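Enquirer: Using my numbering, the first residue of the sequence shown is number 1, and each one after it goes up by one.
Heads up, the beta-carbon is just placed ideally off N, CA and C, and yes, glycines get one too.
Since we're looking at a predicted model, the values are computed, not measured.
Handing you this structure, nothing more for now.
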Amino acid sequence: MTNQKPCTEGAMDSTPWYYVDRQRNRHGPVTAEAVRQAYTAGILDGASLVWREGMAEWTPLGQIVADLGLERIPPSAAPPPADIGAPRRSGCATAAIVVGGGGVFLVIVLAILAAIALPAYQDYLGRAELSRILAEAAPLKTALADFSANTDRCPRGLDELGLEDLTIAGVDEIAVGAFDDGRCAIELHLGEVDKVRDSTGQRLWLSLENDGGFGCSGDEALFRYLPQSCR
1 MTNQKPCTEG
11 AMDSTPWYYV
21 DRQRNRHGPV
31 TAEAVRQAYT
41 AGILDGASLV
51 WREGMAEWTP
61 LGQIVADLGL
71 ERIPPSAAPP
81 PADIGAPRRS
91 GCATAAIVVG
101 GGGVFLVIVL
111 AILAAIALPA
121 YQDYLGRAEL
131 SRILAEAAPL
141 KTALADFSAN
151 TDRCPRGLDE
161 LGLEDLTIAG
171 VDEIAVGAFD
181 DGRCAIELHL
191 GEVDKVRDST
201 GQRLWLSLEN
211 DGGFGCSGDE
221 ALFRYLPQSC
231 R
């Protein structure tokens, strides 16, 4: 009888994974072993995004290395795979598929998982776009805070801040003024923003708080894309 290596915990884990390589190409569904091989081959690093069923959103690989057992795999332990998109299955993985109900059932499950993973990735890209817009609005925040500190009032227009020529990709109009409660604020009227559904006409607000920091909020349609600090 041919000797076979015992099934390890990693081999028994048949949960499909998805990942985004350094060229921002999405791969999956693949096995956990394929993700480990991609990491040891240098295709992925700690900042590469990965996702599997049960995870709330795409997460940097460096935050879940323990889930994949990467601490136990030295860089030279696994050779680069010939095809990351179609990893070789071990006998244990094949047995897991059979126990799961057969090849047809597995294909159906993978299709469902792919349908879940793609929208989650699209939401991640949308959040990245809104984070970019908020980052590019930083000069507005600095100028607004300085103006308020020096004049003890809110500006009535961008010209008072010296930023009337400021443009931000994805923003059709920028306004400054005051909320009803007296807080100075910046209002960003969005145009078409890549990966943000129905973004045109939606608004983002940045408000100068009493402690000198800025709060942020947005229209309800943008909630799913807002950074955690804005929700």
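Would you be able to state if there are at least three C-beta pairs under 8 Å between the stretch 203-212 and the stretch 173-193?
Expert: Yes: the two stretches touch, three or more of their Cβ pairs being nearer than 8 Å.
Enquirer: Go ahead and pull the three-state DSSP assignment for residue 217.
Expert: In the sequence shown, counting from the first residue as 1, residue 217 sits at position 217. It is a strand residue.
Enquirer: Is the separation between the beta-carbon of residue 16 and that of residue 30 shorter than 8 Å?
Expert: Reading the sequence shown from its first residue, position 16 is the one you call residue 16. Reading the sequence shown from its first residue, position 30 is the one you call residue 30. Their beta carbons are under 8 Å apart, which means residue 16 touches residue 30 by this criterion.
Enquirer: Give the range of the alpha helix (DSSP H) segment to which residue 65 is assigned.
Expert: Here residue 65 refers to the residue found at position 65 of the sequence shown. Its alpha helix (DSSP H) spans residues 65-68.
Enquirer: In the stretch 135-198, which residue ranges form an unbroken alpha helix (DSSP H) of at least 4 residues, counting only runs that do not cross its ends?
Expert: Segments of the alpha helix (DSSP H) lying fully in the stretch 135-198: 138-151, 158-161.
Enquirer: Please report the Cβ distance between residue 49 and residue 59, rounded to the nearest whole angstrom; I am assuming they are in contact, meaning their Cβ atoms lie under 8 Å.
Expert: By one-based count along the sequence shown, residue 49 stands at place 49. By one-based count along the sequence shown, residue 59 stands at place 59. Going by Cβ atoms, the distance from residue 49 to residue 59 rounds to 7 Å, so yes, they are a contact pair.
Enquirer: Whole angstroms is fine: what's the gap from residue 122's alpha carbon to residue 54's?
Expert: Taking the sequence shown and counting its residues from 1, the one referred to as residue 122 is at position 122. Taking the sequence shown and counting its residues from 1, the one referred to as residue 54 is at position 54. Cα to Cα, the separation comes out at about 17 Å.
Enquirer: Under a three-way DSSP split, which group does residue 14 fall into?
Expert: The sequence position of residue 14 within the sequence shown is 14, counting from 1. Correct three-state label for residue 14: coil.
Enquirer: Sorted by chain position, which residues of the same chain lie with C-beta nearer than 7 Å to residue 221's C-beta, five sequence neighbours on each side aside?
Expert: Counting from one through the sequence shown, the residue named residue 221 turns up at place 221. Excluding sequence neighbours, residue 221 sits near 198, 202.
Enquirer: Give the single residue among 213, 43, 57 whose Cα lies nearest to the Cα of residue 148.
Expert: If you number the sequence shown from 1, residue 148 lands on position 148. Of 213, 43, 57, the residue nearest in Cα terms is 213.
Enquirer: Are the CB atoms of residue 193 and residue 136 nearer to each other than 8 Å?
Expert: Here residue 193 refers to the residue found at position 193 of the sequence shown. Here residue 136 refers to the residue found at position 136 of the sequence shown. No, they are not a contact pair.
Enquirer: Note down the Cα distance separating residue 124 from residue 216, rounded to an integer number of angstroms.
Expert: Start at 1 with the first residue of the sequence shown, and residue 124 comes out as number 124. Start at 1 with the first residue of the sequence shown, and residue 216 comes out as number 216. Those two C-alpha atoms are separated by around 19 Å.
Enquirer: Taking the CB atoms as reference points, tell me whether residue 232 and residue 126 lie closer together than 8 Å.
Expert: Here the chain comprises residues numbered 1 to 231, so residue 232 is not present and cannot be evaluated.
Enquirer: Express the C-alpha separation of residue 169 and residue 191 in angstroms, rounding to a whole number.
Expert: In the sequence shown, residue 191 corresponds to position 191, counting from 1. In the sequence shown, residue 169 corresponds to position 169, counting from 1. About 9 Å.
Enquirer: Which one of 14, 41, 46 has the shortest CA to CA distance from residue 32?
Expert: To locate residue 32, count along the sequence shown from 1; it is residue 32. It is 14 whose Cα lies nearest to the Cα of residue 32.
Enquirer: Taking buried to mean at least 16 other C-beta atoms within 10 Å of its own C-beta, is residue 167 buried or exposed?
Expert: On the sequence shown, residue 167 is found 167 positions in, with the first residue counted as 1. Its Cβ having fewer than 16 others within 10 Å, residue 167 is exposed.
Enquirer: Going by the CB atoms, is the gap between residue 39 and residue 27 shorter than 8 Å?
Expert: If you number the sequence shown from 1, residue 27 lands on position 27. If you number the sequence shown from 1, residue 39 lands on position 39. No. Outside cutoff.
Enquirer: When burial is assigned at 16 or more other CB atoms within 10 Å of the CB, is residue 279 buried or exposed?
Expert: What the structure shows of the chain is the stretch from 1 to 231, and residue 279 is not part of that stretch, so it cannot be assessed.
Enquirer: Do residue 120 and residue 57 have their CB atoms nearer than 8 Å?
Expert: As a position in the sequence shown, residue 120 is number 120, starting the count at 1. As a position in the sequence shown, residue 57 is number 57, starting the count at 1. Cβ atoms of residue 120 and residue 57: closer than 8 Å.
Enquirer: In this structure, how does DSSP classify residue 207 when only helix, strand and coil are distinguished?
Expert: Position 207 of the sequence shown, counting from 1, holds the residue named residue 207. Reduced to three states, the DSSP call for residue 207 is strand.
Enquirer: Output the distance between the C-alpha atoms of residue 62 and residue 146, rounded to the nearest integer angstrom.
Expert: Here residue 62 refers to the residue found at position 62 of the sequence shown. Here residue 146 refers to the residue found at position 146 of the sequence shown. Roughly 39 Å between the two C-alpha positions.
Enquirer: Helix, strand or coil: which one does DSSP assign to residue 291?
Expert: Any answer about residue 291 is impossible in this case: the structure gives the chain only from 1 up to 231.
Enquirer: Would you list the residues sitting across from residue 292 in a DSSP beta bridge?
Expert: Nothing can be reported for residue 292, as the shown portion of the chain is limited to 1 through 231.
Enquirer: Around the C-beta of residue 46, are 16 or more other C-beta atoms found within 10 angstroms, so that it is buried, or is it exposed?
Expert: Reading the sequence shown from its first residue, position 46 is the one you call residue 46. Label assigned to residue 46: exposed.
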